[in-house]
Structures are given as structure tokens and as C-alpha cells.
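Per this note's numbering, the sequence shown starts with residue 7, numbered consecutively. The beta carbon of each residue, even a glycine, is placed where N, CA and C say it ideally should be. First the structure, in the form of C-alpha cells, and then the observations on it.
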Amino acid sequence: MSDIKLTSDFINKISESEKIVFFTGAGISAESGIPTFRGKDGIWNKLKPEELANFNAFLRNPKMVWEWYNHRKKIIHESKPNAGHFAIAEFEKYFDDVVVVTQNIDNLHRRAGSNKIYELHGNIERNYCINCRTSYNEELDFSEGVPKCKCGGLIRPDVVWFGEFLPADQLEESEKAAIRSDIFFVVGTSAVVYPAAGLVYTAKRAGSYIVEVNIEETEISSISDISFFGEAGKVLPAILE
Ligand code: BV8
Ligand code: ZN
């Protein structure tokens with residue numbers, strides 16, 4: 007049995023709950039070998055988000071932005087879901103309403119078998135033309151430089167950059183799930199990026215029981231009903247035990 011201390015309050019809460027939301031960030035994929043953004047090994051430490059994850063940077067230097075995403079895609083393709091992703095998928099066996107709301111673009115929740123997933127910041131496997139928005143989700147051809155659409159427009163990754171709106175349907179459904187949830191897990195996120203991080207406060211205001219799973223304190227530790235400080239790949243399976 008792991009050394010994760012489950013309080014009786016938590017055990018009672020989880021046993022009387024039906025609707026569970028897992029709100030996840032880069033930290034849940036850290037144990038799959040995918041670097042986080044702001045942690046010690048964070049990728050934003052070396053690069054500034056403004057220089058890469060924004061539309062103007064893409065227009066100025068599409069080749070550089072694509073090099074960064076192709077580099078991350080390579081890491082993601084070499085990675086696998088970890089025990090944290092699988093534990094979240096397994097919750098569906100014991101609860102009839104489990105929703106994953108992820109800020110991650112790595113597709114690992116889907117690969118781990120979760121069924122109800124909202125992707126707030128897009129998905130690195132999808133692309134579209136900046137002109138006519140035609141989707142290009144097969145392997146792109148970089149032999150002639152940055153891939154272009156039949157209409158001549160540049161093709162970009164289908165991810166949400168800074169200053170861009172989140173997909174309205176994904177955000178709306180996530181807000182509804184947060185409001186109706188009995189328990190709202192916040193897993194592996196620094197909770198500094200909005201409007202995604204606002205979902206924690208939406209759930210709190212609606213009376214959800216906030217459970218934080220992180221290796222360190224974050225912006226939302228103070229509003230969590232309970233915080234499990236440890237790696238998601240260890241904490242989440244221990245909660246299921
Ligand atoms: C927008 C791109 C409307 C894809 C990303 C208030 C309201 C609205 C907007 C704002 C606002 N205030 C500021 C803004 C602007 C901005 C923002 O929030 N800036 C922040 C930095 C202050 N928001 C936006 O621009 C958003 N758009 O609001 O549009 C609009 C439109 C026009 C004009 C004005 C407004 C768009 C935000 C999305 C940006 N895109 N990524 C990609 O390339 O990946 S953000 C990036 O950060 C990723 O998507 C990532 O998912 C997200 C959040 O980071 P985390 O996932 O939390 O990762 P992080 O590294 O920070 O933390 C990891 C955590 O895991 C740590 O806590 C660590 O301790 C923990 N951990 C590590 N290992 C483990 C672990 N935990 C458990 N187990 C482990 N093993
Ligand atoms: Zn086009």
C-alpha cells in the first residue's frame with residue numbers, strides 16, 4: 007500500500023460521489039517523459055511562450071514554430087500514457103460520470119482509454135490552414151519547407167496560442183462539467199493559464215470538493231479541500247486502491 011494518506015473525509019466524499027472531473031495539465035504527462043512548461047525542467051524556462059506559442063510569432067517565423075512543434079511531436083510519439091493517465095481512465099469503471107478536461111495537447115488521455123475528454127488547448131495531432139481552415143490531420147510534408155494548403159495558406163498546428171480563444175464548445179462543456187461535479191480533481195497544473203484555470207474557481211463556487219494532486223503547492227492549493235503532494239502516477243492509482 008502506498009504512503010498516500012486518505013483522510014476519512016476524503017474517503018466519505020469519494021464514496022458518496024457520482025460525477026468526477028479530472029482537470030489536468032502538463033504535470034500528468036511528466037512521468038511519460040514529456041517536459042512541463044514552468045517546472046524546474048520547464049520548456050518555457052528556455053524559450054518564451056511569446057516567441058513560440060503565438061500567432062504573430064508563427065507568421066514571422068513559421069519554420070521556427072514548426073520546428074518546435076515537430077520536436078515536441080517526436081517526444082510525444084515516443085512517449086506512452088503513464089499510471090496516472092491509466093488510473094483516470096480506470097475511474098470510469100467505478101463512477102458513471104467521469105470527465106477529463108485537459109490543457110494538454112499530447113493525446114495521452116485518449117491513448118490511456120479515457121472516453122469523455124475536453125481538450126481546451128487543442129491537439130498536436132491536428133492541423134489546419136490559417137486561410138480557409140481546411141483540416142490536415144495526416145502526416146504533413148515538410149520537404150518543401152512549411153506545409154501549405156491547396157489554397158496557398160500556411161498550415162498550422164491545431165493548438166490554442168496565447169491571445170487566442172479556446173474552442174468555445176470545449177470550454178462550455180468543461181464549465182458545465184465543473185459546475186455539476188461532486189469532486190473536481192486538479193492534477194499536474196500550475197493553474198496560471200486562463201481561462202482554463204478559472205474552471206477550478208467555477209467548480210469551487212458551485213460547491214465541488216476540490217482535490218489537488220501536484221508535487222508542490224500551486225495557486226489553487228489555498229482553495230483545495232485536500233491536496234495530495236506527490237507524483238500523479240503514484241497518487242492516482244493509490245486513490246483507486
Ligand atoms: C485567451 C499552447 C482570450 C499549446 C498554451 C485572464 C482571462 C483570459 C486570458 C488571460 C487572463 N490573464 C492572462 C491571460 C492571457 C493568457 C494567460 O493566461 N497567460 C498566463 C501565462 C498569465 N491566456 C491566453 O492567452 C489564452 N487565450 O485568453 O483568449 C483572449 C483573446 C484575445 C485577447 C485577450 C484574451 C490562451 C491560453 C492557452 C495558451 N496555450 N499552450 C502548446 O504549445 O502546448 S499554454 C500552456 O500552459 C499549455 O497549454 C499548458 O497546458 C498550459 C498550462 O500549463 P500547465 O499545464 O499547468 O503546465 P506547467 O508546466 O505550468 O505546470 C505543471 C505542473 O505540474 C506544475 O505545477 C508542477 O508542479 C506539476 N507537476 C510536475 N510533475 C508532476 C506534477 N504534478 C503531478 N505529478 C507530477 N509527476
Ligand atoms: Zn486553405
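Relative to Tyr134, the option among Ala118, Trp72, Val104, Asp188 whose CA is nearest is Trp72.
By the beta-carbon neighbour count (other beta carbons within 10 angstroms, threshold 16), Phe171 is exposed.
Judged by DSSP in its simplified three-state form, Asn133 adopts strand.
Every beta strand (DSSP E) stretch that sits fully inside the region 153-217 and reaches 3 residues is listed by chain position as 161-165, 189-193. Remark: the shortest separation between the CB of Asn220 and any heavy atom of the ligand BV8 falls under 7 Å. Distance from the C-beta of Asn137 to the nearest heavy atom of the ligand ZN is below 7 Å. In this structure, the C-beta of Arg44 approaches the ligand BV8 to less than 7 Å from one of its heavy atoms. Contact annotation: Pro87 and Arg117 have beta-carbon atoms nearer than 8 Å. Distance from the Cα of Asp231 is smallest, within the candidate group Asn220, Gly239, Ile216, Val241, for Ile216. About 4 Å separates the beta carbon of Ala238 from that of Gly90, a gap short enough to meet the 8 Å contact definition.
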